[in-house]
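Visitor: In this note's numbering, the protein residues as written are 3 to 159. From the three backbone atoms N, C-alpha and C, an ideal C-beta is built for every residue, glycine too. For clarity, every value in this text was computed on a predicted model and none was experimentally measured. Sending over a structure as structure tokens; questions will come in a sec.
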Amino acid sequence: MNPISAIFRILLAMTLTTVAQAQTVEVKNAWVRVTVQGQKATGAFMQITAPAATTLVAVTTPVAGVAEVHEMKMDGDVMRMRPLAKGLELPAGKAVQLKPGGYHLMLMDLKLPLQKDTTIPITLTLQDSKGAQSTQDLRVPVLTAAPGGPAEHQHSH
3 MNPISAIFRI LLAMTLTTVA QAQTVEVKNA WVRVTVQGQK ATGAFMQITA PAATTLVAVT
63 TPVAGVAEVH EMKMDGDVMR MRPLAKGLEL PAGKAVQLKP GGYHLMLMDL KLPLQKDTTI
123 PITLTLQDSK GAQSTQDLRV PVLTAAPGGP AEHQHSH
């Protein structure tokens, strides 16, 4: 084996090992709010727990032209929604709730109505404390309310 080929194989093995070790987060109770014909935006909600300090820096989905991490916050007497330009910090081992009226994923410029009991793909882009980014793919159910809530029956998928 020539030396360049050996070096290439070592670098390839190191790269594959790094990708395999990419950090994932634990996601529970994920759901996207159902939409009606003509509605161009909706929210996605979930509980995220990261094993180490991580930041959720971006979100993408093929069903929306724009997907952002948002927060709802009081501004005087008015509740305002705004994107988190620097992402959402996920402290090590602490569950972070994305829920209506708080942190959430905002899906805008929807390309089709999101129908109850279907699922959509969502990709989370995560950044660790050293700046390394990884992605995590989810299949998220479309529901009228949070799983186990009054408008939904709780069951496993």
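Skipping 5 residues on each side, what residues in its chain have a beta carbon closer than 6 Å to that of Val27?
Guide: Ile50 and Ala52
Visitor: Based on the DSSP output, what are the partners of Gly45 in its beta bridges?
Guide: Met108
Visitor: Rounded to a whole number of angstroms, what is the C-alpha to C-alpha distance between Gly104 and Ala66?
Guide: 21 Å
Visitor: Does chain D have any CB closer than 9 Å to the CB of Val142?
Guide: The chain inventory of the structure shown lacks chain D, comprising one protein chain alone.
Visitor: Taking Leu116 as the reference, which of Pro149, Lys42 and Gly95 has the closest Cα?
Guide: Lys42
Visitor: Measure the alpha-carbon distance for Gln23 versus Ile124 and round it to whole angstroms.
Guide: Caution applies to Gln23, whose pLDDT of 45 falls short of 50 and renders its modelled position unreliable; the model cannot decide the point.
Visitor: Quick check on this structure: which residue in Pro149, Leu140, Glu70 and Val80 has the alpha carbon closest to the alpha carbon of Lys118?
Guide: Pro149
Visitor: Would you kindly report the start and end of the unbroken beta strand (DSSP E) that includes Val38?
Guide: Here Val38 belongs to no beta strand (DSSP E), and DSSP marks it neither H nor E.
Visitor: What are the boundary residues of the beta strand (DSSP E) that includes Val144?
Guide: Gln135 to Leu145
Visitor: CB-CB under 7 Å to Val80, same chain, minus the five flanking residues each way: which ones, in chain order?
Guide: none
Visitor: Under 8 Å, with one C-beta from each stretch per pair, do the region 67–79 and the region 130–147 reach the 3-pair mark?
Guide: Taking one beta carbon from each stretch, the region 67–79 and the region 130–147 have fewer than 3 pairs nearer than 8 Å; the two do not touch.
Visitor: When burial is assigned at 16 or more other CB atoms within 10 Å of the CB, is Val144 buried or exposed?
Guide: buried
Visitor: For Ala148, name the three-state secondary structure that DSSP assigns.
Guide: Ala148: coil per DSSP, three-state reduction.
Visitor: Mark Pro36 as exposed unless 16 or more other C-beta atoms lie within 10 angstroms of its C-beta, in which case mark it buried.
Guide: According to the sequence as given, residue 36 is Val; it is not Pro. Label assigned to Val36: buried.
Visitor: Leaving out five residues before and five after Thr120 in sequence, what residues of the same chain have Cβ atoms less than 8 Å from its Cβ?
Guide: Contacts found: Pro143 and Val144.
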